[in-house]
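Taking it in order: structure first as structure tokens, then the write-up.
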Amino acid sequence: MTLDYIPESAVREPVLTGAQAMVAQLESYGVEYVFGLCGHTNIALLDALGRSRIRFVMSRHEQAAAHAADGYARATGKPGVLLTHVGPGLTNAVTGVLTAALDSVPMVVISGDIPSYYYGRHPHQEVNLHADADQAAILRPFVKRAWNVHHVRDLARFTERAFWTATSGRPGAVLLNVPMDHFSRPAPAAAYPLVADAPAPHLARSVARRIAEALVGARRPLVYLGGGLRRESGVAALRALVEHLDIPVAHSLMAKGTLPDRHPLLLGMPGFWGLELTNEYAREADVVLALATRFAETDASSWDRRHTWRFPPGRLIQIDLDPAEIGRNFPVEIGAVADVNQAVEAIAGAVPDLRPEPVRRPGLRERIHAARTTLFAESRERGRSDQFPLRPERILTDLREALPPDAVLVTDVGWNKNGVAQCYELPEPGRFVTPGGASTMGFGPAAAIGVQIAQPERTVVALVGDGGMSAQLPAVPMAVEQGAPVIFVVMNNRSHGTISDLQASNFGRSFGCDFLDHDGQPYSPDFAAYGRACGADGYTIASAAELGVALRAAVAARRPAVLDVPMVNEPVPTPGHWNIKDIYQGVFD
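Mapping the sequence shown onto the UniProt record's numbering, position 388 (from 1) lands on 388, and the numbers just tick up by one.
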């Protein structure tokens with residue numbers, strides 16, 4: 001008998017393993033790279049990845065993998081995907097995930113876990129000792145959400161939710177915690193397409209007009225810019241707004257490079273590392289438009305109104321995607337939850353009706369030009385020194401002269417971050433990537449690899465201290481294996497220099513901060529030799545004249561390279577205030 005229909009009971013969905021279904025889902029989301037490290041709880045997923053179009057970027061330590069995924073996300077705007085193993089695999093990655101989370105970087109962490117049916121029995125590497133805890137709880141204080149997969153049928157739905165949550169609203173890190181047996185259990189192929197991007201909250205036209213009216217009517221307005229303004233349309237609108245109304249712009253650490261360092265209205269950073277002119281203008285501003293910034297402690301002089309921000313009498317207008325940031329540190333007159341790019345466009349669009357003719361504030365641009373020119377000129381003057389070991393600003397000078405204008409500088413913490421943020425003239429097409437919220441030592445070497453993978457045509461420099469390089473030695477073989485021509489420039493002062501200076505200036509000596517051998521003499525490994533041992537190029541800088549030559553050679557070679565640059569321990573100029581110094585002297589608020 002011939003049937004002209006197929007009974008419903010005879011229809012069978014294709015059956016995959018959970019790992020195979022997840023990899024197919026990742027491919028459908030456009031994931032090109034997964035960063036991570038193997039372990040017995042995730043090798044089923046690794047096997048499925050190995051049969052896919054997705055490239056697995058293997059590291060020798062999970063923190064390196066996390067920073068590389070972070071760098072990739074910062075360079076592309078797409079979520080970095082990190083794969084870890086149970087227990088120490090996940091805990092090794094915590095610092096890197098925290099760094100991404102605090103800087104609003106989208107990251108999806110997929111972690112293998114113990115078999116679901118052994119929970120609480122202390123199987124191999126389970127994170128559960130004194131309570132009925134789980135490893136997801138370790139990341140919950142800073143990820144946007146953590147999912148524990150209890151049934152393989154939920155894996156596809158939770159994966160879609162993880163990508164959606166990481167990228168929507170204020171971006172951030174999320175955790176998808178998967179018991180290892182769910183990677184191997186049968187899972188019906190299920191379609192969970194990624195939800196189309198929902199538009200971020202828009203600034204209402206009426207609110208945009210109120211803000212425009214406040215700026216037009218202000219005697220001494222100021223824009224304070226955070227790191228969330230990235231779209232070309234938003235940056236163009238900001239320039240149009242401030243240039244039309246002649247409003248100076250201060251920026252947070254994360255916003256360096258949004259406007260060119262030579263823009264005539266750019267004051268630079270306020271707070272601890274800020275010029276006195278910047279802090280003076282912030283103190284005396286009558287209207288401040290704050291865009292996607294959390295008023296971090298260093299940028300706000302520990303929120304001490306004697307030094308930087310004064311609200312009141314200043315009137316604060318704050319726009320941010322995260323409602324928790326609005327009014328967190330200062331009282332707000334107008335607070336708006338909105339995408340800052342769209343918001344600035346709306347405000348800029350409302351201004352011409354209120355003030356058709358451009359505004360010019362007598363002497364403003366001249367004061368900014370004089371202060372910024374002096375800052376950069378004095379830095380360049382110090383950078384001409386042939387002293388050896390090199391002064392840090394000599395290293396910055398040689399970098400400026402040797403690197404192409406669109407080079408990406410990925411820094412760590414210490415002179416490499418603070419000095420670049422304060423006195424390195426970043427060319428307009430250049431990019432500055434740094435760990436802001438967590439100030440993580442060890443971020444730079446591995447994050448630079450993620451940036452390089454994302455933008456293979458650009459020159460990427462990991463400008464790091466010897467402490468940061470020592471913390472992430474796995475980055476060098478990782479760069480070699482990936483064919484990523486990152487140039488690791490190690491500013492080597494044989495010390496955790498910034499903290500050593502801080503201790504010496506407040507306690508009269510430095511102890512526990514400097515690298516010494518067993519005889520008490522300054523010590524450093526040979527980073528250039530280490531680079532060569534890993535298959536990279538290695539350059540040991542032995543005189544002031546050699547650095548520029550080595551940099552140009554490394555740029556031309558397009559190979560991973562380690563430059564070991566001896567440097568004197570010299571403090572970054574800090575004209576502003578930070579309460580930590582008061583605490584050392586026994587002064588408490």
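For each residue, glycine too, the CB sits at the ideal point set by N, CA and C.
Note that the structure is a prediction, hence the values are computed from the model and not measured.
- Around the C-beta of Ala324, fewer than 16 other C-beta atoms lie within 10 Å, and the residue is accordingly described as exposed.
- Distance from the CA of Asn416 to the CA of Gly465, rounded to the nearest whole angstrom, comes to 7 Å.
- The region 323-374 contains, as complete beta strand (DSSP E) runs of 3+ residues, the segments 334-337 (chain order).
- Rounded to the nearest angstrom, the Cβ distance from Ala156 to Met107 is 20 Å, too far for a contact under 8 Å.
- By the Cβ test, the region 280-290 is in contact with the region 209-227, since at least three Cβ pairs between them sit closer than 8 Å.
- Residues of the same chain with a CB within less than 6 Å of the CB of Pro201, apart from the 5 flanking positions on each side, are Val337 and Ala338 in chain order.
- For Asn279, the enclosing alpha helix (DSSP H) stretches over residues Glu276 to Glu284.
- Met269 sits in coil when the DSSP states are folded into three classes, being neither helix nor strand.
- In this model, Met441 and Ile347 are separated by some 39 Å (Cα to Cα).
- For Leu241, the enclosing alpha helix (DSSP H) starts and ends at Glu232 to Leu245.
- Phe330 and Leu316 have their alpha carbons spaced roughly 8 Å apart.
- Taking the Cα of Gly508 as reference, the smallest distance to any Cα among Val480, Ser470, Tyr584 and Ala471 is reached at Tyr584.
- Ala255 is the residue among Gly363, Glu366, His263 and Ala255 whose C-alpha sits nearest the C-alpha of Ser104.
- For His251, the enclosing beta strand (DSSP E) begins and ends at Val249 to His251.
- Contact annotation: the region 300-316 does not touch the region 239-246, with fewer than three C-beta pairs closer than 8 Å.
- Between Leu265 and Arg365 the beta-carbon gap is near 7 Å, inside 8 Å, which marks them as a contact.
- Judged by DSSP in its simplified three-state form, Val108 adopts strand.
- By the criterion of at least three beta-carbon pairs nearer than 8 Å, the region 201-212 is not in contact with the region 19-34.
- No Cβ-Cβ contact shorter than 8 Å links Thr258 with Leu215.
- The C-beta of Pro477 has 16 or more other C-beta atoms within 10 Å across all chains shown, which makes the residue buried.
- Measuring C-alpha to C-alpha distances from His369 to each of Asp412, Ala438, Gln342 and Asp261 identifies Asp261 as the nearest.
- The beta carbons of Ala24 and Ser184 sit no closer together than 8 Å.
- The three-state reading of DSSP puts Asn177 in strand, counting E and B together.
- Between Ser495 and Phe515, the beta carbon gap of about 6 Å places them in contact (Cβ cut-off 8 Å).
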